[in-house]
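Asks: I am attaching a structure below and will ask some questions about it afterwards.
Protein chains: 2
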Amino acid sequence: MARKRSLDEGPELRSAILATASTLFYEHGYAATSIRDLAEAVGISSSTMYHHFKNKQDVLHAIILTFMQDFNDAIVPVLRDPSRPPAERLSEAARRHIEISDDRRPELLTGNPFRNALGPDQLRQTIALQRSYHSAVRDTIAAGCADGSFITDNVTLATMAVLDMLNGVREWFHKDGPLTREEIIAHYQQMIAKLLR
Amino acid sequence: MARKRSLDEGPELRSAILATASTLFYEHGYAATSIRDLAEAVGISSSTMYHHFKNKQDVLHAIILTFMQDFNDAIVPVLRDPSRPPAERLSEAARRHIEISDDRRPELLTGNPFRNALGPDQLRQTIALQRSYHSAVRDTIAAGCADGSFITDNVTLATMAVLDMLNGVREWFHKDGPLTREEIIAHYQQMIAKLLR
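Protein chains in written order, with the working numbering: chain A, 34 to 230; chain B, 34 to 230.
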């Protein structure tokens with residue numbers, strides 16, 4: 034049996050709970066996983082678990098929020114960097130989007146279908162983060178149109194098309210498939226460039 | 034209280050059950066809807082319900098299968114029509130993909146997140162239909178590359194990009210948004226043409 038950890042392992046324990054939870058939610062489903070299952074898998078008591086999270090919804094919210102915050106922190110500054118041309122910023126953002134979505138697949142797929150398990154305030158927070166990413170992509174495409182490096186009839190639709198293309202990759206990419214991740218990134222960077230030409 | 038229908042209303046009753054079920058699953062979620070809720074909403078007894086479907090999973094499977102079969106029947110023949118140029122076929126397919134996904138949103142969204150509620154044989158059937166659609170799109174893009182009307186470095190990735198773009202629309206399109214469905218279709222047809230140029 035796993036040893037019970039003590040309460041003082043604060044932030045590390047919190048991270049360990051989130052990592053275990055995203056794996057369990059991903060593998061067995063959110064509905065099928067109880068707080069007791071989580072506590073057992075982490076090796077803590079249910080009461081220590083409740084010291085960190087009010088309920089299972091709170092755990093889900095923390096997983097989604099942590100993922101989206103990290104995602105935005107890694108990509109939005111690239112898109113908002115005025116020292117680089119818009120096409121280069123968008124290309125680098127596409128790379129990071131595919132890489133992070135692949136590296137952190139359990140967290141991402143946990144968040145996706147179960148977003149309607151969140152409370153209204155929790156949902157508002159995640160939507161705000163998503164909007165801030167979408168705006169950064171849209172503003173980059175608009176900047177490229179303004180300086181003549183991109184051409185599109187509708188910046189908003191081009192933004193949605195680019196984001197949907199990139200989001201799609203995580204659904205079908207397998208590391209044992211015929212193309213490496215690096216090859217897929219290069220093709221997607223090129224397709225995005227064509228779409229905006 | 035709704036009148037109890039008689040067993041002899043065979044195919045019509047089956048369609049009515051599927052239509053009601055897709056609305057209830059869409060609005061309240063698959064897990065939260067019971068066979069009893071379904072029977073009550075249709076206005077039949079639970080035993081009449083069980084005469085048509087073995088269980089709730091069977092209802093879900095019928096919804097997904099009917100939708101995918103109709104979707105394929107409406108689009109695959111367009112893509113496989115040798116009398117029209119590939120670019121025209123793909124453009125018409127993009128229109129129908131967006132239209133059907135929008136017209137039949139409850140069925141489509143029911144099928145999407147709950148696909149892992151299906152049994153292995155049921156899943157195999159739906160995957161076979163999805164593959165036959167994907168192949169028709171891929172073959173059309175390959176035909177366009179062969180006759181010089183399309184250019185792409187990787188037909189499979191271009192296929193996935195086009196499908197993911199088109200599938201994305203149903204997630205964010207609202208009929209009260211700034212653009213009509215007709216305008217969105219025209220923009221998407223144009224973006225797909227650019228992507229393959």
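The beta-carbon is built from N, C-alpha and C at its ideal position, and this holds for glycine as well.
Are any of the Cβ atoms in chain B nearer than 7 Å to that of A:G177?
Replies: It does not: the Cβ of A:G177 has no partner Cβ on chain B nearer than 7 Å.
Asks: Taking buried to mean at least 16 other C-beta atoms within 10 Å of its own C-beta, is A:K208 buried or exposed?
Replies: Classification for A:K208: exposed.
Asks: Does the beta-carbon of A:I131 have 16 or more other beta-carbons within 10 angstroms, so that it is buried, or is it exposed?
Replies: A:I131 should be labelled buried.
Asks: Does the beta-carbon of B:Y83 have 16 or more other beta-carbons within 10 angstroms, so that it is buried, or is it exposed?
Replies: The residue is exposed, with fewer than 16 neighbouring Cβ atoms inside 10 Å.
Asks: Excluding the 5 residues flanking B:T53 on each side, which residues of the same chain have their C-beta closer than 8 Å to its C-beta?
Replies: Closer than 8 Å at Cβ, skipping near neighbours: L71, A74, V75.
Asks: Can you tell me the Cα-Cα spacing of A:S55 and A:M224, whole angstroms?
Replies: For A:S55 and A:M224, the distance between alpha carbons rounds to 32 Å.
Asks: If we cut at 7 Å on Cβ distances, does B:A187 have a partner in chain A?
Replies: Here the sequence assigns Asn to residue 187 of chain B, which means Ala is not the residue at that position. Chain A, which has a Cβ nearer than 7 Å to the Cβ of B:N187, makes this yes.
Asks: Does the CB of A:G210 have a neighbour CB from chain B at under 7 Å?
Replies: Cβ-Cβ to chain B under 7 Å: no for A:G210.
Asks: Give the residues of chain B in contact with A:I217, contact being defined as C-beta atoms less than 8 Å apart.
Replies: L190, listed in chain order.
Asks: Can you list, in chain order, the residues of the stretch 148-179 of chain A whose Cβ is nearer than 7 Å to any Cβ on chain B?
Replies: Taking 7 Å as the Cβ-Cβ cut-off against chain B, none of the residues of the stretch 148-179 of chain A qualify.
Asks: Is the CB-CB distance between A:D197 and B:M193 below 7 Å?
Replies: Going by C-beta atoms, A:D197 is not nearer than 7 Å to B:M193.
Asks: Name the chain A residues that come within less than 7 Å of B:Q223, Cβ to Cβ?
Replies: Neighbours of B:Q223 on chain A, chain order: D186.
Asks: Less than 6 Å between the CB of A:Q90 and some heavy atom of the ligand ATP, yes or no?
Replies: For the ligand ATP, the structure offers nothing, since it holds no ligand at all.
Asks: Which two residues bound the contiguous alpha helix (DSSP H) that contains B:R203?
Replies: Here the alpha helix (DSSP H) through B:R203 covers 188-205.
Asks: Can the beta-carbon of B:L162 be found less than 7 Å from the beta-carbon of B:Y59?
Replies: No.
Asks: So, helix, strand or coil for B:K208, using DSSP?
Replies: Coil at B:K208, not helix or strand.
Asks: Which bits of chain B does A:D136 rub up against, with CB to CB less than 8 Å?
Replies: Neighbours of A:D136 on chain B: none; closest Cβ ~20 Å, over 8 Å.
Asks: Taking DSSP as the reference, what is the three-state secondary structure of A:D103?
Replies: In this structure, A:D103 counts as helix in the three-state DSSP scheme.
Asks: Can you list the residues of chain A that B:R230 reaches, using a CB-CB cut of under 8 Å?
Replies: Here the neighbours are K227.
Asks: Would you grab the beta carbon distance between B:I96 and B:T159 for me? Rounded to a whole angstrom, and I think it's under 8 Å.
Replies: With 8 Å as the limit, B:I96 and B:T159 do not qualify as a contact, their Cβ atoms being about 11 Å apart.
Asks: Please state whether DSSP places B:A72 in a helix, a strand or coil.
Replies: Residue state, collapsed to three classes: helix.
Asks: Quick check on DSSP: helix, strand or coil for B:P115?
Replies: Reduced to three states, the DSSP call for B:P115 is coil.
Asks: Does the beta carbon of A:G201 come closer than 7 Å to any beta carbon on chain D?
Replies: Checking the listed chains, one finds no chain D in this structure; the protein chains it contains are A and B.
Asks: In chain B, which residues lie with their C-beta within 7 Å of the C-beta of A:H207?
Replies: Result: empty, since nearest Cβ-Cβ is about 12 Å, beyond 7 Å.
Asks: Decide if A:P119 is buried, meaning its Cβ has at least 16 other Cβ atoms within 10 Å, or exposed.
Replies: Buried is the call here.
Asks: Beta carbon of B:N19, beta carbon of A:H220: below 7 Å?
Replies: As displayed, chain B neither begins before 34 nor continues past 230, which places residue 19 of chain B out of reach and without an answer.
Asks: Mind checking A:G177: buried by the 16 CB within 10 Å criterion, or exposed?
Replies: Classification for A:G177: buried.
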